[in-house]
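Remarks on the structure that follows.
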Amino acid sequence: MDHSRTPLFTALKEHAAKNPVQFHIPGHKKGLGTDAEFREFIGDNALSIDLINIAPLDDLHQPTGVIEEAQKLAADAFGADYTFFSVQGTSGAIMTMIMSVCSPGDKIIVPRNVHKSVLSAIIYSGAKPVFVSPAQDSNVGIDHGITISSVRKALKRHPDAKAVLVINPTYFGVSANLKEIVDLAHSYNVPVLVDEAHGVLIHFHDDLPMSAMEAGADMAATSVHKLGGSMTQSSVLNVNTKNGYVNPFRIQTIISMLTTTSTSYILLASLDTSRRNLALNGHKMCETAIEMSQYARRSINEIEGLYCFGEDILDGGEATYSLDPTKLTIHVRHLGITGYETENWLREHYNIEVELSDMYNILCLVTPGDTADSIETLITALRHLSKTYNNVNEINELIVKIPEIPQLSLIPRDAFYGDTEVVPFKESAGRIIAEFIYVYPPGIPILLPGEVISQDNIDYIIDHVDVGLPVKGPEDRSIQNVKVIVEADPIF
32 MDHSRTPLFT ALKEHAAKNP VQFHIPGHKK GLGTDAEFRE FIGDNALSID LINIAPLDDL
92 HQPTGVIEEA QKLAADAFGA DYTFFSVQGT SGAIMTMIMS VCSPGDKIIV PRNVHKSVLS
152 AIIYSGAKPV FVSPAQDSNV GIDHGITISS VRKALKRHPD AKAVLVINPT YFGVSANLKE
212 IVDLAHSYNV PVLVDEAHGV LIHFHDDLPM SAMEAGADMA ATSVHKLGGS MTQSSVLNVN
272 TKNGYVNPFR IQTIISMLTT TSTSYILLAS LDTSRRNLAL NGHKMCETAI EMSQYARRSI
332 NEIEGLYCFG EDILDGGEAT YSLDPTKLTI HVRHLGITGY ETENWLREHY NIEVELSDMY
392 NILCLVTPGD TADSIETLIT ALRHLSKTYN NVNEINELIV KIPEIPQLSL IPRDAFYGDT
452 EVVPFKESAG RIIAEFIYVY PPGIPILLPG EVISQDNIDY IIDHVDVGLP VKGPEDRSIQ
512 NVKVIVEADP IF
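Numbering (the numbering used here), first residue to last: 32 to 523.
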């Protein structure tokens, strides 16, 4: 296919050039009705293509024209049979994957450290999650993916599962052997759904982990905006129908149900043009990003008190099969400070914003948008950080403990929408929770709607609250109270 073409973006430019008289939304009408300061900052070109699904521009909900052409080009670029554009982010694509294969009561095998959109889809669909614990890294205090051994155990115990969901690669750039997991699941006639939010570049360079489509997975939600150059909130859902496990027409129906009818053509155009850039220049873009990240990694590992893992993390374990080196996970524990403190210090002293921080690490992403100057700024800042903190504070022991996965007593949807009451959290042992509780690090949900609260759960969460670590999910952010299912009094 001719990847120099951008059918949607070209149609938008041609439409804007005709300068039509608009009697349709958006009401700013090419910027004339918008705030003057905003218009000056954004520019008239952007405002001229902020349009809606009028006939010349096709309709994302039932594409038959330039959007359909753009999606076919994207499918070719990503090695998929079908590609669906998402203006609801990768969250919308992930929810579409799950809701297109799971009905109420259906089982789905998922890692415990899944994104919140997975849990949202489980609630919406009424599915029953079968959780698999991710492999933990005791050296740097992060979680990897799930192993083929754990997936095999889950499938043997639950051969009636409707899908297996895999994160590939993880937030930190580490992948298990996805091809083996896909082949195993397919041997049980179970489709594989991949959260590929942090893997758009892996389609375009052999030195990066294998992509979901190459591994034969059935669906993959891929964030083009995270690393591939499109605008925030724009993603794609790649679909492989060769195995016969998924229905593209069903997928179109579900993604349409989850998508606004006022789709942003600016976001769609950015997907169209980013696909062109990746298809034509992706290998070179990846090569440059890999080289910059490897240079940064070597430089960081020369700084006293810092450690940035690379190929050394591929120790033969099932969860550490391959690595995306463009993710720089920088371990700061040996400086006697936390990742949170490091994030704030870099912001205050060098105007640097990192992707995330936890108790022991910060994560920096190197993308095709980086330059030698941005990399040198990071290295300079980290050298200054080391000089400031090295041999000053006591080094904290690395401890990452996760309580056992609680008993699931109710399907999450039934608990989320059930009759509830609020009780003191410290007195909630034995009750069925009706909301989420996450603790960071490492970001794994400790309690989900429908699970039975144990005293171990309570102690674990309170310990984290007491030391000031972020606890997210419940309506009461102080975690003094928690919402639980009402227990009816027995009748004698």
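For each residue, glycine too, the CB sits at the ideal point set by N, CA and C. Given the structure is predicted, the values throughout are model-derived calculations rather than measurements.
As assigned by DSSP and simplified to three states, the class of residue i
i, result
"serine 20", "Outside the displayed range of the chain (32 to 523) lies residue 20, so it cannot be described from this structure."
"serine 250", "Note that residue 250 corresponds to methionine in the displayed sequence, not to serine. Methionine 250: strand per DSSP, three-state reduction."
"proline 455", "strand"
"phenylalanine 109", "helix"
"tyrosine 491", "helix"
"valine 470", "strand"
"serine 206", "strand"
"glutamine 167", "strand"
"threonine 294", "coil"
"glutamate 227", "strand"
"valine 270", "strand"
"aspartate 174", "strand"
Within 7 Å, strictly: CB atoms of residue i and residue j
i, j, result
"serine 122", "serine 156", "no"
"valine 517", "aspartate 445", "no"
"valine 515", "isoleucine 442", "no"
"valine 231", "asparagine 199", "no"
"phenylalanine 116", "leucine 311", "no"
"alanine 252", "leucine 268", "yes"
"isoleucine 154", "phenylalanine 447", "yes"
"phenylalanine 533", "leucine 354", "It is not possible to answer for residue 533, since the shown part of the chain is limited to 32 through 523."
"proline 38", "alanine 101", "yes"
"threonine 65", "leucine 258", "no"
"histidine 59", "proline 87", "no"
"alanine 543", "serine 266", "Lying before the first or after the last residue shown, residue 543 is absent from the chain, which here runs from 32 to 523."
"phenylalanine 40", "aspartate 238", "no"
"valine 385", "proline 437", "no"
"aspartate 487", "proline 434", "yes"
"aspartate 249", "valine 221", "no"
"histidine 175", "lysine 138", "no"
Neighbourhood of residue i by C-beta distance below 6 Å, restricted to the same chain and skipping five residues each side
i, result
"asparagine 84", "Asp90"
"methionine 323", "Val397, Asp401 and Ile406"
"isoleucine 344", "Thr351"
"glycine 96", "Asp89"
"arginine 328", "Cys339 and Gly341"
Identified DSSP bridge partners for residue i
i, result
"leucine 396", "Lys358"
"valine 515", "Glu452 and Ile464"
"cysteine 339", "Ile361"
"proline 142", "Val163"
"alanine 194", "Ile139"
"phenylalanine 525", "This structure leaves residue 525 out entirely; the chain is present only between 32 and 523."
"leucine 439", "Glu482"
"lysine 503", "Tyr469"
Residues of its chain near residue i, where Cβ-Cβ distance is below 7 Å and the 5 sequence neighbours each way are ignored
i, result
"threonine 373", "Val363, Ser388, Ile393 and Leu416"
"lysine 358", "Phe203, Gly204, Leu394 and Leu396"
"lysine 418", "none"
"tyrosine 276", "Pro222 and Asp249"
Cut-off 8 Å between Cβ atoms - residues of its own chain near residue i, not counting five sequence neighbours on either side
i, result
"leucine 215", "Ile179, Val182, Arg183 and Leu186"
"glycine 136", "Gly157, Ala158, Lys159 and Ile442"
"isoleucine 383", "Leu377, Thr408, Leu409 and Ala412"
"proline 112", "Inspection of the sequence shows that residue 112 is occupied by aspartate rather than by proline. Ala106, Val270, Asn271, Thr272, Lys273 and Pro279."
"proline 94", "Gln102"
**Asked** Taking three-plus beta-carbon pairs below 8 Å as touching, is the segment 46-53 in contact with the segment 273-289?
**Response** no
**Message:** So, does the segment 328-348 touch the segment 252-266, judging by three or more C-beta pairs under 8 Å?
**Reply:** no
**Message:** Assess contact between the segment 71-79 and the segment 319-339, defined as three or more Cβ pairs (one per stretch) separated by less than 8 Å. Is contact present?
**Reply:** Between the segment 71-79 and the segment 319-339 there are fewer than three C-beta pairs closer than 8 Å, too few to call the two in contact.
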